[in-house]
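Numbering (my numbering), first residue to last: 435 to 616.
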């Protein structure tokens with residue numbers, strides 16, 4: 435995989451030397467290497483991070499450059515999606531910030547807003563507090579507004595474009611827009 439990603443075969447001994455020099459524990463296995471990064475290297479999380487370290491130490495100048503080959507086809511955005519993107523751009527241009535709230539909401543919050551019927555309950559919720567899917571964007575967006583106001587933000591202008599959910603077989607998903615301002 436290292437040779438495929440970098441486009442050059444780095445000798446095994448050189449890879450082991452690089453990892454060892456970086457303070458990593460290297461063990462050779464049948465599949466390749468097992469590498470344990472020191473606890474101070476919180477940036478080393480996955481295989482790609484190790485490949486990046488090899489490229490950095492081996493030297494970017496030692497990696498051949500290649501022009502990508504293949505045909506490119508431009509994807510045409512669906513007309514409904516173009517309208518959504520334009521809406522987001524227009525609201526942002528008018529000083530609104532886009533909020534992204536969870537689709538899972540507390541049932542108590544929805545009850546305060548009068549949403550008691552037609553809720554989509556989760557079979558395996560992340561937590562007891564987040565056990566239903568939102569039937570509307572406004573309750574979550576108002577909570578975001580309150581959160582910002584509690585932190586002395588005087589002028590808060592938020593919008594959210596997302597899906598809301600209603601009971602059905604299967605449950606119904608509907609695109610929705612909500613806007614709040616203080």
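Idealized CB from N, CA, C, for every residue including glycine.
- Judged by DSSP in its simplified three-state form, residue 494 adopts helix.
- Under the criterion of beta carbons closer than 8 Å, residue 506 and residue 593 do not qualify as touching, at roughly 34 Å.
- Annotation: residue 574 to residue 470 spans about 42 Å, alpha carbon to alpha carbon.
- Relative to the Cα of residue 501, the nearest Cα in the group 571, 580, 612 and 441 belongs to 441.
- Taken through DSSP and simplified to helix, strand or coil, residue 578 comes out as helix.
- Taking a C-beta distance under 8 Å as the contact criterion, residue 564 and residue 539 qualify as a contact pair.
- Beta-carbon to beta-carbon, residue 571 and residue 610 are separated by about 5 Å, close enough to satisfy the 8 Å threshold.
- Bridge pairing for residue 596: 610 [DSSP].
- Counting along the chain, the unbroken beta strand (DSSP E) around residue 470 starts and ends at 466-470.
- Residue 517 and residue 559 have their C-alpha atoms spaced approximately 33 Å apart.
- Each of 490, 485, 455 and 457 was checked against the Cα of residue 466, and the nearest Cα belongs to 485.
- Nearest C-alpha to residue 476 among 490, 602, 503 and 457: 457.
- In the structure shown, the three-state DSSP call for residue 487 is helix.
- In this structure, residue 530 and residue 591 form a Cβ contact; the two beta carbons are roughly 4 Å apart against a cut-off of 8 Å.
- Here the alpha carbons of residue 503 and residue 448 stand approximately 30 Å from one another.
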